[in-house]
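Below: the structure, in structure tokens.
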Amino acid sequence: MSSALTDRPSPAGAARADPAAPRRRTRVLALPEARWAAAATVLFLIALPLQLTGAPVWAWGVPYALAYAAGGWEPLWAGLRALAEKTLDVDLLMVVAALGAAAVGQVMDGALLIVIFATSGALEALATARTADSVRGLLDLAPATATRLLPDGTEQTVAPADLAVGDTVLVRPGERVGADGRVLDGTSEVDQATITGEPLPVAKAPGDEVFAGTLNGTGALRVRVGRDAADSVIARIVRLVEEASGTKAPTQLFIEKVEQRYSLGMVAATLAVFAVPLAFGAALTGSLLRAMTFMIVASPCAVVLATMPPLLSAIATAGRHGVLVKSAVVMERLGEVDAVALDKTGTLTEGTPQVTDVVPLPWSGLAERDLLTLAAAAEHPSEHPLARAVVDTARARGLTVPVARDFASAPGVGVTATVGEHTVAVGSPARLPRGTADAPVTAPAPLGGPAGSPAAVRTATEAAPTAVAVVAELEAGGRTAVVVRVDGVAVGVLGVADRVRADAGATVAALTALTGAAPTLLTGDNPRAAARLGDEVGIRDVRAGLLPQDKVAVVRERQEAGRRMLVVGDGVNDAPALAAAHTGVAMGRAGSDLALETADAVIVRDELTAVPAVVALSRRARRLVVQNLVIAALFISGLVVWDLAGTLPLPLGVLGHEGSTVLVGLNGLRLLREAAWTRATRAGAEHA
1062 MSSALTDRPS PAGAARADPA APRRRTRVLA LPEARWAAAA TVLFLIALPL
1112 QLTGAPVWAW GVPYALAYAA GGWEPLWAGL RALAEKTLDV DLLMVVAALG
1162 AAAVGQVMDG ALLIVIFATS GALEALATAR TADSVRGLLD LAPATATRLL
1212 PDGTEQTVAP ADLAVGDTVL VRPGERVGAD GRVLDGTSEV DQATITGEPL
1262 PVAKAPGDEV FAGTLNGTGA LRVRVGRDAA DSVIARIVRL VEEASGTKAP
1312 TQLFIEKVEQ RYSLGMVAAT LAVFAVPLAF GAALTGSLLR AMTFMIVASP
1362 CAVVLATMPP LLSAIATAGR HGVLVKSAVV MERLGEVDAV ALDKTGTLTE
1412 GTPQVTDVVP LPWSGLAERD LLTLAAAAEH PSEHPLARAV VDTARARGLT
1462 VPVARDFASA PGVGVTATVG EHTVAVGSPA RLPRGTADAP VTAPAPLGGP
1512 AGSPAAVRTA TEAAPTAVAV VAELEAGGRT AVVVRVDGVA VGVLGVADRV
1562 RADAGATVAA LTALTGAAPT LLTGDNPRAA ARLGDEVGIR DVRAGLLPQD
1612 KVAVVRERQE AGRRMLVVGD GVNDAPALAA AHTGVAMGRA GSDLALETAD
1662 AVIVRDELTA VPAVVALSRR ARRLVVQNLV IAALFISGLV VWDLAGTLPL
1712 PLGVLGHEGS TVLVGLNGLR LLREAAWTRA TRAGAEHA
């Protein structure tokens, strides 16, 4: 009796996606910076239409004044505190420029400057808070309790923090491991993707190392604790993220890098323009008016807008195409990268195991579809990701699968079930007989066909060498080999691997051309799988078997050598490297919360080709910033010379200043056009 293969839930898949922790997430309006910025924006939007429609001055003047207060008091206070420490920063300068604009009648321009500045500060505060949320939430991967085994054999439920080195803990099926240590007894398969990024659970037996927070499979394990909770790999990941985020060089836009000198120079020049003519007998009113005009035309409004519109426009364009860039600083930094490191599982690959090879052995009498049908029938009740891959492949090929009986699963070994009149076993190549003669058996005929003929009689020892050769060939190619046996005879081998993204090779080529250096592959997976992937996508520098701290070490080594590293990853184990890098990019669809919050940018649609595209877009935005700074400098210098060498009427000075501001703003907005992303994508494709 057979039945069509039906959809079934995959607890194993669910376990990978569920870190078992409620997500901690700071609400936007929980931040005072966000509340003040929102208030300033709302007040500005109330005042602007009233002013433009000719309402009385008091009707729009009051909301404008409140907008100045709501958005400006915090940067003003920060600027005054910096001034008390003998530092003049851009916070105070922006507020003074806004107040100066209001003083000469440009109330709307000053209010707009205040709103932009307050919103920028709120976004920075939100990014900081969300990163802190995700780092704290990472600790929830560890279980709330652990089962400690006492010397007399009794069990004691304790907090993981109370475990000491040398304690023995019991980890039941489906539980999370409570501490780093080594297996004393038992066999199981542990999903440790959060630590190593490996796409498949790893078989654990006595002597093998396990990590706190990883998810146990169907077997029970007794584990001897090897590290205190504070020194576990999960705890070290938290520290690495915090330290990397804290020690990362301060990120500043161009104008902020010169703010101190510009601010001091502008204030000193304004005072000189006022005081020097006054000292030589000039009229107070004339000297004050000249100084006020100088302050307006020399204020950095045009310089600020020269920088922000191109970067903000690039952010908006990238966002429309599935790339979330978290700030203007990040967009600027993306264009600076000159070296790239890529994660393997979930980044260059899809992160889900797939059946890549179906190899019937010659004496089996089975075709590929028959071998796959037998394997899927036996695996169908299993929760293992390998079983899911086999069943999904059978579903994709439209196969009808018999109902299996007497299903049994052995952790680290495989599954056994009765299919029709035969016992079918699917599992590890370690189950192949090696040198011990078995009783003759009859090889099975194709499913539903006649019984095997005498010519099909083989011994298990005759079957084994050929099966071993197939297994060796598949494993040499970086695939996981799964042996299918019927009534004790190996009849075929399945190859399972994490499928490479279709656009991985093109992305690697584009990044190589953009940065002038081939990317590095950083993975916790095994060296053979990593090497195979590197060959397939064109990466020669392959670093495999890395723990999170090892990835950070590679990134820091490259950056200490003068490279600006772009790291692309998706997992908890990638988060420290994302934080330590010059710029970190996370793959969004399957990315962990920690990776998404730690990264500077997120590829929301999981399109790998978006990485070189957003780098190319950033570089174009940086070129527009340079253009705008040249335009702003020409206007400012021309107006300043006019004011100092002659008599620049205040309205004309304001007009020239505002005209330059509008000009650089419009130039920066060019990146909002659809053609900007098309051009960036084409640049990446041409490089590839």
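In our numbering, each number is its position in the sequence shown, counted from 1, plus 1061.
Glycine residues also receive a C-beta, built at the ideal position from the N, C-alpha and C atoms.
Residue closest to Asp1213, alpha-carbon to alpha-carbon, out of Asp1223, Thr1229, Lys1387: Thr1229
Span separating the alpha-carbon of Pro1511 from that of Thr1484: Residue confidence for Pro1511 is low, a pLDDT of 40 falling below 50, so the modelled location carries little weight; the figure read from the coordinates is stated next. One C-alpha to the other measures close to 16 Å.
Limits of the alpha helix (DSSP H) - the one that Glu1597 falls within: 1588-1598
Assigned secondary structure, Gln1387 (DSSP; H/G/I helix, E/B strand, else coil): A small correction: the amino acid at residue 1387 is Lys; Gln does not occupy that position in the sequence shown. Residue state, collapsed to three classes: coil.
Gln1112 to Leu1174 span [Cα, whole Å]: 17 Å
Own chain, CB closer than 6 Å to Ala1578, minus 5 neighbours either side, in chain order: Ala1400
The region 1601-1618 / the region 1424-1431 touching (three or more Cβ pairs under 8 Å): no
Three-way DSSP call (helix, strand, coil) for Thr1275 in this model: coil
Buried versus exposed call for Asp1097 [16 or more other C-beta atoms within 10 Å across all chains shown]: Per the sequence shown, residue 1097 should be read as Trp rather than Asp. Classification for Trp1097: buried.
Range of the contiguous beta strand (DSSP E) that encloses Lys1265: 1263-1265
Residue from Pro1637, Ala1291, Ala1130 whose Cα sits closest to the Cα of Asp1404: Pro1637
Min CB distance Val1263 to chain D below 8 Å: Protein chains in the displayed structure number just one, and chain D is not present.
Arg1283 versus Val1529: straight-line alpha-carbon distance, rounded: 32 Å
Whole-angstrom C-beta distance between His1445 and Ala1465, which should lie under 8 Å: Their Cβ separation, rounded to whole angstroms, is 15 Å, which puts Ala1465 and His1445 out of contact at 8 Å.
Cβ pair count under 8 Å reaching 3, the region 1372-1381 against the region 1546-1555: no
Buried versus exposed call for Trp1138 [16 or more other C-beta atoms within 10 Å across all chains shown]: exposed
Given 8 Å, three or more beta-carbon pairs between the region 1338-1357 and the region 1380-1393: no
Arg1456 versus Ser1348, Asp1467, Val1416, residue with shortest Cα-Cα distance: Val1416
Rounded straight-line distance, which links the Cα of Gly1171 to that of Ala1128: 10 Å
Distance between Val1462 and Gly1509 (C-alpha atoms, nearest Å): In this prediction, Gly1509 scores a pLDDT of 43, lower than 50, which makes its location untrustworthy; the coordinate-derived value is nonetheless stated afterwards. Computed Cα separation, rounded: 11 Å.
Identified DSSP bridge partners for Leu1282: Val1232
Per DSSP, the bridge partner or partners of His1483: Val1480
Endpoints, the beta strand (DSSP E) within which Phe1468 is located: 1466-1471
Inter-residue Cα distance where the pair is Val1123 and Phe1335: 31 Å
Among Val1271, Ala1281, Leu1211, the one whose alpha carbon lies nearest that of Val1232: Ala1281
Nearest-angstrom Cα separation, counted from Asp1431 out to Ala1296: 48 Å
Neighbourhood of Thr1206 by C-beta, 8 Å cutoff - its chain only, sequence neighbours within 5 removed: Thr1218, Val1219, Ala1220, Pro1221, Gly1239
Contact check, Arg1285 vs Gly1235, beta carbons under 8 Å: no
Host alpha helix (DSSP H) of Pro1026 (start-end): Nothing can be reported for residue 1026, as the shown portion of the chain is limited to 1062 through 1749.
Distance between beta carbons of Thr1659 and Ala1640, contact taken as under 8 Å: 5 Å
Proximity of Gly1717 and Asn1689 at Cβ, strictly below 8 Å: no
Cβ neighbour criterion (16 or more within 10 Å) applied to Ser1721: buried
Limits of the alpha helix (DSSP H) - the one that Pro1093 falls within: 1093-1113
Bridge-paired residues (DSSP) for Gly1488: Gly1475, Val1544
Boundaries (first-last residue) of the alpha helix (DSSP H) holding Gln1620: 1609-1621
Beta-carbon proximity of Leu1395 to Val1675, cut-off 8 Å: yes
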